[in-house]
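Protein chains: 2
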Amino acid sequence: MTSSTTLTPKGAATRARIVQAAADLVLARGVGRTSLDDIGAGTGTGKGQLFHYFPGGKGELVRALADFQAERVLDAQRPWLDTLDTWQAWERWRDSVLAHYGSQRHWGCPIGALASELSGRDPSHGAEVAAHMDRWRGYLRAGIERMRASGALREDTDPEQLALGIFAALHGGLLLTQTMHSLEPLRAALDGALAALRSHAA
Amino acid sequence: MTSSTTLTPKGAATRARIVQAAADLVLARGVGRTSLDDIGAGTGTGKGQLFHYFPGGKGELVRALADFQAERVLDAQRPWLDTLDTWQAWERWRDSVLAHYGSQRHWGCPIGALASELSGRDPSHGAEVAAHMDRWRGYLRAGIERMRASGALREDTDPEQLALGIFAALHGGLLLTQTMHSLEPLRAALDGALAALRSHAA
DNA sequence: AGCTTTCTGTACCCGCCAGTACATTCGTTA
DNA sequence: TAACGAATGTACTGGCGGGTACAGAAAGCT
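As you go down the protein sequences, you meet chains A and B in turn.
Residues 1344 to 1545, numbered by this note's numbering, are exactly what the first sequence covers, in order.
Residues 1344 to 1545, numbered by this note's numbering, are exactly what the second sequence covers, in order.
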């Protein structure tokens, strides 16, 4: 499924180069508006290599891009994303999110963009992206659960609901970031989300 | 620009039929994946009529769809959207939003979907959609301002920032609604947003 | 009625793009 | 060096989709 043909070091490097460049192109122009020829031109390769490394065609490539971007985005939030156990950690996490999306050349979230573009399509892509979203959201929920267990949050707090709300605020902020070409919506969204979190303080 | 040629009643009806059906198709499948032939098939017309009523081609049609959907969405939130002066009005508004998006055949928000799909393109569409978003957000800000003026919210409340955060939560909830095929994310997002609003109560 | 304008349907053109076929070069192993 | 598979490059195909041209039906106006 992934790559039954063996990859030489050179091949692996080329594959990685394709994924990285394609990720940027797709982020800037969307899946539908990025052709395989564009990706070939952007990487100094051609359709030969593309179908050599991704025999499944554009679909397989897009799935690889989703994986790559998900990893990239989650890594940018570490180590705080894994240890949302204190109020300070949440602030730090907020700052790391702002810093990451502020340093991108383009506005918006790669995962969110893919999610909204592919949600109406076959489950093959939609479920894949949804799984990444679930994983991401799971980190928030785990942090909230630990906060509740440690007594920082009230007993009647529903971690699932609260994580969902915070996650939604985050992605809404990123969506508005795209349309308004400013980081302010994301900042306001995260501030609001943390205010909602604090409203459950013990 | 709009339609210099005069429209007979029959023509106006056909045009409206096209817009309505096209709006549903585009909402379900996205702009990029909806062809003019699809729209023709969905309305019992052909490209002849399409280019007759929208001489500017697909771009002009999409702009008409954006206007139509924006009106539809805002109307669904009335009359509470115009009178967000009391805590109860905000609750009612929340309920009307949930009811509207819960009654749709498809998940997600028409405006949000267009926004994320067209944001990277020429300003022609991006600015159009952004303007609708701004108008919508303006209603929230106006309500917050009146709440502050009436003493329900603290003096140090920033209506712009708070409206931005609530608006972001709303759209994030709608985005997750799309990927998770459930109304829960929207509910959680709005609950969180109202909690953030209440945290500014005087 | 007769003319004009709008409305509707059909057939076509052209460019783009995913995918294919195949030739060629490179690298590794024997 | 011979040989094999991986890596790369190029040329082609088939369908799809936006857009155009144009012919016929319908409806307003005098």
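A virtual CB, placed ideally from N, CA and C, is assigned to each residue, including glycine.
Because the structure is a prediction, the values reported are computed rather than measured.
For the alpha helix (DSSP H) that contains residue i, what are its first and last residues?
| i | result |
| --- | --- |
| residue 1448 of chain B | Looking at the DSSP string, residue 1448 of chain B is not in any alpha helix (DSSP H), and its letter there is neither H nor E. |
| residue 1378 of chain A | Here residue 1378 of chain A belongs to no alpha helix (DSSP H), and DSSP marks it neither H nor E. |
| residue 1370 of chain A | 1352 to 1372 |
| residue 1411 of chain A | 1401 to 1419 |
| residue 1493 of chain B | Here residue 1493 of chain B belongs to no alpha helix (DSSP H), and DSSP marks it neither H nor E. |
| residue 1457 of chain A | 1453 to 1461 |
| residue 1393 of chain A | 1390 to 1396 |
Thinking C-alpha only, which one of the options is nearest residue i?
| i | options | result |
| --- | --- | --- |
| residue 1415 of chain B | B/1483, B/1362 and B/1544 | B/1362 |
| residue 1487 of chain B | B/1410, B/1422, B/1541 and B/1402 | B/1541 |
| residue 1365 of chain A | A/1403, A/1531 and A/1353 | A/1403 |
| residue 1427 of chain A | A/1357, A/1519 and A/1481 | A/1481 |
| residue 1376 of chain A | B/1475, B/1446 and B/1464 | B/1464 |
| residue 1527 of chain B | B/1441, B/1420 and B/1351 | B/1441 |
| residue 1534 of chain A | A/1520, A/1423, A/1467 and A/1509 | A/1509 |
| residue 1470 of chain B | A/1449, A/1479, A/1521 and A/1423 | A/1521 |
| residue 1477 of chain A | A/1443, A/1507, A/1444 and A/1431 | A/1507 |
| residue 1524 of chain A | A/1472, A/1446 and A/1354 | A/1446 |
| residue 1475 of chain B | B/1349, B/1422, B/1406 and B/1425 | B/1406 |
| residue 1490 of chain A | A/1430, A/1539, A/1472 and A/1452 | A/1430 |
| residue 1467 of chain B | B/1538, B/1531 and B/1409 | B/1409 |
Grouping DSSP H, G and I as helix and E and B as strand, with all else coil, what is residue i?
| i | result |
| --- | --- |
| residue 1474 of chain B | helix |
| residue 1345 of chain A | Low per-residue confidence applies at residue 1345 of chain A: pLDDT is 38, beneath 50, and the placement is therefore not dependable, though the value from the model is reported in the following sentence. Note: residue 1345 of chain A maps to coil in three-state DSSP. |
| residue 1544 of chain B | strand |
| residue 1499 of chain A | coil |
| residue 1438 of chain A | helix |
| residue 1464 of chain B | coil |
| residue 1427 of chain A | coil |
| residue 1387 of chain B | coil |
| residue 1484 of chain B | helix |
>> To test your reading of the DSSP string, which unbroken alpha helix (DSSP H) runs of 4 or more residues are found completely within the region 1515 to 1541 of chain A?
In response: 1527 to 1541
>> Using 8 angstroms as the cut-off, can you tell me whether the region 1387 to 1395 of chain A makes contact with the region 1448 to 1467 of chain A, which would need three or more C-beta pairs spanning the two stretches below that distance?
In response: no
>> For the pair the region 1448 to 1457 of chain B and the region 1360 to 1380 of chain B, tell me if three or more CB-CB distances fall below 8 angstroms.
In response: yes
>> Assess contact between the region 1352 to 1362 of chain B and the region 1383 to 1392 of chain B, defined as three or more Cβ pairs (one per stretch) separated by less than 8 angstroms. Is contact present?
In response: yes
>> Check whether the region 1501 to 1516 of chain A and the region 1487 to 1499 of chain B touch, using three or more Cβ-Cβ pairs below 8 angstroms as the test.
In response: no
>> So, does the region 1396 to 1413 of chain B touch the region 1429 to 1442 of chain B, judging by three or more C-beta pairs under 8 angstroms?
In response: no
> On the three-pair Cβ rule with 8 angstroms, is the region 1509 to 1518 of chain B touching the region 1507 to 1523 of chain A?
Replying inline: yes
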